[in-house]
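Following: one structure in structure tokens, then a few remarks.
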Amino acid sequence: MSQTLTEDDRVGAPSGRETVVQVADLRRRYGGDTGFEAVRGVSFSVGRGELFALLGTNGAGKTSALELIEGLEAPSGGSIRVFGRDPYRERAAVRPRTGVMLQEGGFPADLTVRETARMWAGTLPRPFPVDHVLELVDLRHRARTQVKQLSGGERRRLDLAMAILGRPEVLFLDEPTTGLDPESRHSTWQLVRALLVDEVTVLLTTHYLAEAAELADRLAIMHRGRIVTTGTVAEVVAAHPARISFALPDGLRPEDLPALPGAQPPPAGAAPTSAARLTLYTDALQPALTTLLGWANGRGVELAGLDARAASLEEAFLAVAHTEETIEGGRR
Ligand SMILES: Nc1ncnc2c1ncn2[C@@H]1O[C@H](COP(=O)(O)OP(=O)(O)OP(=O)(O)O)[C@@H](O)[C@H]1O
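Quick note: the sequence shown uses this note's numbering, first residue 66, plus one each step.
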């Protein structure tokens with residue numbers, strides 16, 4: 066059942082770019098009408114040349130949503146448009162313009178890397194030269210190696226090569242750097258950045274928050290089938306309190322400290338603070354720090370190991386993972 070997009074849904078991506086992917090109230094139910102609903106009303110849009118990251122706890126519904134947007138299945142509710150078309154019903158028109166990197170590539174194990182790439186290139190209307198793509202993912206030196214002899218990380222890079230071989234305008238990357246060593250992960254990020262410069266639109270799922278922080282123009286954090294929070298990395302992080310931690314000077318108790326501006330309780334999922342090292346939370350970091358340092362200077366005490374920082378994406382993620390409350394359909 067497909068739901069019609071409202072006028073509001075048709076507006077461009079928040080960045081002001083042309084909207085390439087538009088998802089409205091997307092739903093996916095496994096096992097018929099009474100089965101489990103893995104995606105429960107997800108809405109977002111992605112502009113041309115933008116990278117949108119779908120983050121979430123295990124089983125949050127990221128892959129289930131991504132597969133629908135790739136056009137592999139029809140949604141049980143809601144609507145998807147890729148280049149203004151339905152990726153499932155109009156698959157023949159949409160598929161040649163997309164590149165898909167699934168969690169498991171599943172290429173024949175007995176073929177070599179180059180044979181695999183040539184075979185795949187043969188199915189595409191205007192592929193890049195095979196060796197150029199193998200070079201991009203640093204597999205040229207493995208071109209004569211059978212797929213079954215590749216390491217896990219090399220297979221992942223072959224999956225990426227196959228996803229970009231057809232010069233896609235939209236690229237779906239489902240956990241593209243899982244199993245890659247740090248160097249390969251960084252080269253994959255560089256490659257993705259180069260694709261973004263070329264105006265390729267990317268939808269990414271990842272468990273590496275650093276990857277999302279590095280690459281994403283905007284992101285959504287999913288939990289139990291819904292988007293709980295969405296925005297740029299800075300927007301998502303700004304909704305969570307900053308942290309100040311230090312060793313409590315000898316002879317002082319937490320009650321002796323001044324009241325800090327914007328003081329907040331510890332967020333859900335925060336590590337417990339120890340008696341020796343105090344951690345305080347505030348949504349007004351600069352005034353809180355000024356108050357604390359003024360107090361310490363006035364008393365002539367040193368706050369050993371003082372550390373003050375804005376919330377990280379990881380803290381925002383942990384808070385989401387611990388919350389039961391969700392915003393229906395997400396914010397845009
Ligand atoms: N074919 C299926 N039949 C029934 N339930 C399924 C099926 N595929 C996935 N699910 C369920 O749907 C939910 C969402 O799974 P999905 O793989 O989309 O989550 P995810 O966010 O991608 O998780 P992960 O981070 O672990 O990859 C899970 O509870 C999962 O068990």
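All residues carry an ideal CB built from backbone N, CA and C; glycine is no exception.
**OP:** In angstroms with no decimal places, state the Cα-to-Cα distance between R179 and L256.
**Re:** Mapped onto the sequence shown, residue 179 falls at position 114. Mapped onto the sequence shown, residue 256 falls at position 191. Cα to Cα, R179 sits roughly 20 Å from L256.
Original post:
Who are the Cβ neighbours of V267 in its own chain at under 6 Å, not counting the five residues just before and after it?
Top reply: Working through the sequence shown from its first residue, we reach residue 267 at position 202. Result list for V267: L116 and L236, in chain order.
Original post:
Identify the residues that DSSP records as bridge partners of D372: which are they?
Top reply: Against the sequence shown, residue 372 aligns to sequence position 307. D372 pairs with S310.
Original post:
Should the stretch 145-162 be called in touch with the stretch 199-208, which here means at least 3 C-beta pairs below 8 Å?
Top reply: no
**OP:** Just grab the DSSP bridge partners of T163 for me.
**Re:** Taking the first residue of the sequence shown as 1, we reach residue 163 at position 98. According to DSSP, T163 bridges with V235.
**OP:** Could you tell me which residues DSSP puts in a beta bridge with M287?
**Re:** Mapped onto the sequence shown, residue 287 falls at position 222. Answer by DSSP bridge pairing, in chain order: G121 and I292.
Original post:
Among the residues of its own chain, which have a CB less than 6 Å from the CB of Y153, if the five just before and after it don't count?
Top reply: In the sequence shown, the residue the question calls residue 153 occupies position 88. So the list reads G136 and A139, once near-sequence residues are dropped.
Original post:
If you follow the alpha helix (DSSP H) that V111 is part of, which residue opens it and which one closes it?
Top reply: Stepping through the sequence shown from its first residue, residue 111 is reached at position 46. Premise fails: V111 lies in the beta strand (DSSP E), F101 to G112, not in any alpha helix (DSSP H).
Original post:
Taking just the CA atoms, how far does A259 sit from R191?
Top reply: Taking the sequence shown and counting its residues from 1, one reaches residue 191 at position 126. Taking the sequence shown and counting its residues from 1, one reaches residue 259 at position 194. Those two C-alpha atoms are separated by around 19 Å.
Original post:
CB of A304 to nearest heavy atom of ligand 1: below 7 Å?
Top reply: Locating residue 304 in the sequence shown gives position 239, where the first residue counts as 1. Checking the Cβ of A304 against ligand 1 gives no.
Subject >> Beta-carbon proximity of L167 to F382, cut-off 8 Å >> reply: For the purposes of this step, residue 167 is taken as residue 102 along the sequence shown, with counting starting at 1. For the purposes of this step, residue 382 is taken as residue 317 along the sequence shown, with counting starting at 1. No, these two residues do not count as a Cβ contact at 8 Å.
Original post:
Can the beta-carbon of T347 be found closer than 8 Å to that of A307?
Top reply: Your numbering for residue 347 matches position 282 in the sequence shown. Your numbering for residue 307 matches position 242 in the sequence shown. Against a cut-off of 8 Å, the Cβ pair of A307 and T347 comes out as a contact.
Original post:
Of the choices L284, F311 and E248, whose alpha-carbon is the least far from that of R222?
Top reply: What you label residue 222 is simply residue 157 of the sequence shown in a count that begins at 1. With distances taken between Cα atoms, R222 lies closest to E248.
Original post:
When burial is assigned at 16 or more other CB atoms within 10 Å of the CB, is E320 buried or exposed?
Top reply: Numbered from its first residue, the sequence shown carries residue 320 at position 255. Result: exposed.
**OP:** Output the boundary residues of the alpha helix (DSSP H) element that contains D224.
**Re:** Looking up residue 224 in the sequence shown gives position 159. Per DSSP, D224 belongs to the alpha helix (DSSP H) from G217 to I229.
Subject >> Beta-bridge partners of Y346, as assigned by DSSP >> reply: In the sequence shown, counting from the first residue as 1, residue 346 sits at position 281. Looking at the DSSP assignment, Y346 forms a beta bridge with R308 and Q329.
Original post:
From which residue to which residue does the beta strand (DSSP E) around Q87 run?
Top reply: Counting from one through the sequence shown, the residue named residue 87 turns up at place 22. That run of the beta strand (DSSP E) goes T84 to Y95.
Subject >> F237 CB to nearest heavy atom of ligand 1 below 7 Å >> reply: Position 172 of the sequence shown, counted from the first residue, corresponds to residue 237. False, no ligand heavy atom lies under 7 Å from that Cβ.
Original post:
Where does G126 fall in DSSP's three states?
Top reply: Looking up residue 126 in the sequence shown gives position 61. If DSSP states are grouped into helix, strand and coil, G126 belongs with coil.
Original post:
Should V262 go down as buried or exposed, given a rule of 16 or more other Cβ atoms within 10 Å for buried?
Top reply: One-based indexing of the sequence shown puts residue 262 at position 197. Its Cβ having fewer than 16 others within 10 Å, V262 is exposed.
**OP:** List the endpoints of the continuous beta strand (DSSP E) containing R179.
**Re:** For the purposes of this step, residue 179 is taken as the residue at position 114 of the sequence shown. That residue, R179, is in no beta strand (DSSP E); its alpha helix (DSSP H) goes V178 to A186.
Original post:
Are the stretch 268-275 and the stretch 354-372 touching by the rule of at least three beta carbon pairs closer than 8 Å?
Top reply: no
Subject >> Through-space distance from V88 to S110, alpha-carbon basis >> reply: Taking the first residue of the sequence shown as 1, we reach residue 110 at position 45. Taking the first residue of the sequence shown as 1, we reach residue 88 at position 23. If you take the alpha carbons of S110 and V88, they lie about 6 Å apart.
Subject >> Start and end residues, alpha helix (DSSP H) containing R150 >> reply: Reading the sequence shown from its first residue, position 85 is the one you call residue 150. No alpha helix (DSSP H) contains R150, which DSSP labels as neither H nor E.
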